Structures are given as C-alpha cells and as structure tokens.
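Chemist: As you go down the protein sequences, you meet chains A and B in turn. Numbering-wise (our numbering), the first sequence opens with residue 31 and increments by one. Numbering-wise (our numbering), the second sequence opens with residue 208 and increments by one.
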Amino acid sequence: DRSQKSILGFFQKK
Amino acid sequence: MLEARLEQAALLKKVVDAIKELVQECNFDCNDSGIGLQAMDNSHVALVSMFLKSESFSPFRCDRNIALGINLNALQKVLRAAQNEDILTLKAEDAPDVVNLVFENATADRISEYDLKLMDIDQEHLGIPDTDYAAQISMPSSEFQRITRDLSAISESVTIECNKEGVSFACEGDIGKGNIKLRQYTNVDKPAENVEVNMTEPVALTFALKYLGNFCKASGLSEQVRLCLSNEVPLMVEYALANNSYIRFYLAPKIGD
C-alpha cells in the first residue's frame, strides 16, 4: 500500500 | 491599525466555509499588501494558503503587521449575522484583543457591529518553494467537486494521471473501480466550462480523497479550479479570486508500494 506523506516532508519550516 | 472594507460579506463567509473543516484556529496576517493566512491541518497532510490582496478591499489600511489569532468556528458564528450582500468592514488596533466586524446592508439602514475575541496562536510558517509543475489542469470547479464526490463513494484514494491523452482520475475500492478521463475543451462563449491541460512531462500521483473533498468546499469562490502536479511533490489546488487574491490548498501525496 501507499503511505500518506506529511506536508512537512516537502515544505520546510521558516 | 487595520481597517479593511469588503463590498460583499459573501467573500469572507465563503473563505471561512472553505477552510474551517481543515483548520480550526489560525492567524490572519495583516500587512499593507493585504490579509493572508497559512495553516496546516492537524495531521500535517494538507496546507491552506490564502491571500486577499489589499485591492480586494476598498478602502484598505494597515499601518503595521498585525496577526489576528482567530477561532474559525467563532468567526463563522459572527459571520452568520451578515447577509451575503452586506458591506463588511474589519477593524483592529495595532496590538488587538478583539477584531471588530461591521455589517451594513446596501441601503445603509441597518448597521450590525460585533467584536470577536482574539487568541494567541503560535503558528509555524512553511516556505512553499516555487515549482515549475509538470502538469497544470484548469477545469470547472463544479466538475472537480463532482469527480471528487463520485470517487469518494468508491475509494479513499484517487490517482490523478496526466499524459498526452489528457487527465484521468482513477480509484479502486472494495466494490470495484472507477475512472474519469478529461480532455481539453474550449467553449469561447462559456470560458468557465473550459478544460485546459498543460503538460511538460507525464505525471501520476495518488491522493487521499478526504482532503480533496475538503478543498472542494471552496468551489463557490471561483468557477474554475487549477490543479498543479509534479511527481513526488504536493498537489496544489488553486481557486483564483478577483484582484489576484487566491486560496490555494496543498496536499502531500501517498507514495510507495
């Protein structure tokens, strides 16, 4: 199955 | 201080309706270019980024940066008191405890005034990188809403694939599977019905339909929606508003087998 990624894995905290 | 007057309360009412399932509390960041908002959902899977440019208000005044920490459920309660066609004015001091909302009807014989208590919200901002998306699809927002709703009845996930044939939305669940294909379509008389597909390379990504269904609550804000995809990056779903204002949703994909 595919697993749901977190948006934090793509966009960095400023 | 902040003073921002909207010709139609409907805009703010619809914005709050569009995001309140995803986000319960957030800062409205006000500065001289307008009012912005960026927030993740609790599970950190989706992000909403909204910006209402100062040109969307008349007049608009904001002398210094002000963060209005707002509980959207509370804001919605106050906004229910506004008619869609009312003129809505937001006012706040420089270090406010409350935001003041005034609703005036078109004939100016009713003026309603509310103060909404603000809260301190310690919110992280994420840097959203500029992306040259491999595929951009514009379509009627009602069509995207229908596809999302129909496929949600079959499965929890949808695979959006864009190739030279067009774009497809496919899903598979316990009861069977479904597939909707869209091709480019141009209606000169009714551009709101256009489907436009721009692709530089084929893309196929899988997303949770639950979040797409939430994004579709913004359908009433814009007749068209734009989907932007690149392999292995979040999907961007954009509802463009007048005056270059926008509401954008980002959704992390489901990856791996």
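Glycine included, every Cβ here is placed at the ideal spot set by N, Cα and C. From a predicted model like this one, the values you see are computed outputs, not experimental measurements.
#1: Run through chain A and tell me which residues come within less than 8 Å of Lys-461(B), C-beta to C-beta.
#2: For Glu-372(B), collect the residues of the same chain with a Cβ closer than 7 Å to its Cβ; drop the 5 residues on either side in sequence, then sort them by chain order.
#3: Measuring alpha carbon to alpha carbon, tell me which of Ile-454(B), Gln-352(B), Leu-442(B), Gln-245(B) ends up nearest Asp-236(B).
#4: On the three-state DSSP scale, how would you describe Arg-433(B)?
#5: Using three-state DSSP, classify Gln-290(B) as helix, strand or coil.
#6: Does the distance from the CB of Pro-460(B) to the CB of Val-444(B) come in under 9 Å?
#7: Where Lys-424(B) and Lys-221(B) are concerned, what is the direct C-alpha to C-alpha distance, given to the nearest angstrom?
#8: Three or more C-beta pairs closer than 8 Å, one from the region 297-311 of chain B and one from the region 323-334 of chain B: is that the case here?
#9: Which of helix, strand or coil does DSSP assign to Gly-463(B)?
#10: Buried or exposed, going by whether 16 or more other CB atoms sit within 10 Å of the CB of Pro-398(B)?
#11: Buried or exposed: where does Val-365(B) fall if 16 or more other Cβ atoms within 10 Å of its Cβ makes it buried?
#12: So which residues on chain A does Glu-331(B) lean against when the C-beta distance must stay under 8 Å?
#13: Apart from the five residues on each side of it in sequence, which residues of its chain come closer than 7 Å, Cβ to Cβ, to Phe-258(B)?
#14: Which word fits Glu-262(B), buried or exposed, when buried means at least 16 other C-beta atoms lie within 10 angstroms of its C-beta?
#15: Any beta carbon from chain A within less than 9 Å of Thr-413(B)'s own beta carbon?
#16: Helix, strand or coil for Lys-227(B), going by three-state DSSP, please let me know.
#17: Is DSSP giving Arg-268(B) helix, strand or coil here?
#18: Note down, in chain order, every chain A residue with its Cβ under 9 Å from the Cβ of Val-365(B).
#19: Assign Met-346(B) to one of two classes, buried (16 or more other C-beta atoms within 10 Å of its C-beta) or exposed (fewer than that).
#20: Residue range of the beta strand (DSSP E) that Gly-249(B) falls in?
#21: Run through DSSP, which three-state label would Ala-425(B) get?
#22: At a CB-CB cut-off below 8 Å, which residues of chain A make contact with Gly-334(B)?
Modeler: Result, derived from the coordinates:
#1: On the second sequence, position 254 is the one that residue 461(B) refers to. Neighbours of Lys-461(B) on chain A, chain order: Arg-32, Ser-33, Gln-34, Lys-35.
#2: What you label residue 372(B) is simply residue 165 of the second sequence in a count that begins at 1. In its own chain, leaving out the 5 sequence neighbours on each side, no residue places its CB closer than 7 Å to the CB of Glu-372(B).
#3: As a working mapping, residue 236(B) is identified with position 29 in the second sequence. Asp-236(B) has its Cα closest to that of Gln-245(B), out of Ile-454(B), Gln-352(B), Leu-442(B), Gln-245(B).
#4: Taking the second sequence and counting its residues from 1, one reaches residue 433(B) at position 226. It is a strand residue.
#5: Stepping through the second sequence from its first residue, residue 290(B) is reached at position 83. Here Gln-290(B) sits in coil by DSSP.
#6: Your numbering for residue 460(B) matches position 253 in the second sequence. Your numbering for residue 444(B) matches position 237 in the second sequence. The Cβ-Cβ distance between Pro-460(B) and Val-444(B) does not fall below 9 Å.
#7: Stepping through the second sequence from its first residue, residue 424(B) is reached at position 217. Stepping through the second sequence from its first residue, residue 221(B) is reached at position 14. The alpha-carbon atoms of Lys-424(B) and Lys-221(B) are separated by roughly 8 Å.
#8: The region 297-311 of chain B vs the region 323-334 of chain B: in contact.
#9: Counting from 1 along the second sequence, the entry for residue 463(B) is found at position 256. In the structure shown, Gly-463(B) sits in coil (DSSP, three-state: anything other than H, G, I, E or B).
#10: Here residue 398(B) is taken as the residue at index 191 of the second sequence, counted from 1. Classification of Pro-398(B): exposed, given that the 10 Å Cβ count is below 16.
#11: For the purposes of this step, residue 365(B) is taken as the residue at position 158 of the second sequence. Per the 10 Å Cβ criterion, buried.
#12: As a working mapping, residue 331(B) is identified with position 124 in the second sequence. Taking a Cβ-Cβ threshold of 8 Å, the residues of chain A close to Glu-331(B) are Lys-43, Lys-44, in chain order.
#13: To locate residue 258(B), count along the second sequence from 1; it is residue 51. Sequence-distant Cβ neighbours of Phe-258(B) in its own chain, meaning closer than 7 Å and more than five residues away, are Gly-241, Gly-243, Ser-452, Tyr-453.
#14: Indexing the second sequence from 1 puts residue 262(B) at position 55. Glu-262(B) sits exposed, since fewer than 16 C-beta atoms from the chains shown fall within 10 Å of its C-beta.
#15: Mapped onto the second sequence, residue 413(B) falls at position 206. So, interface residue.
#16: Taking the second sequence and counting its residues from 1, the one referred to as residue 227(B) is at position 20. In the structure shown, Lys-227(B) sits in coil (DSSP, three-state: anything other than H, G, I, E or B).
#17: In the second sequence, counting from the first residue as 1, residue 268(B) sits at position 61. Correct three-state label for Arg-268(B): strand.
#18: Mapped onto the second sequence, residue 365(B) falls at position 158. Correct list: empty, because the minimum Cβ distance to chain A is about 12 Å.
#19: The residue labelled residue 346(B) in the question sits at position 139 within the second sequence. Buried, because 16 or more other Cβ atoms sit within 10 Å of the Cβ of Met-346(B).
#20: Counting from 1 along the second sequence, the entry for residue 249(B) is found at position 42. Looking at the sequence shown, residue 249(B) is not Gly but Asn. Neither: Asn-249(B) is in no beta strand (DSSP E) and is coded neither H nor E.
#21: Along the second sequence, one-based indexing puts residue 425(B) at 218. Looking at Ala-425(B) - three-state DSSP - the assignment turns out to be helix.
#22: Taking the first residue of the second sequence as position 1, residue 334(B) is located at position 127. Result: Phe-41, Gln-42, Lys-43, Lys-44.
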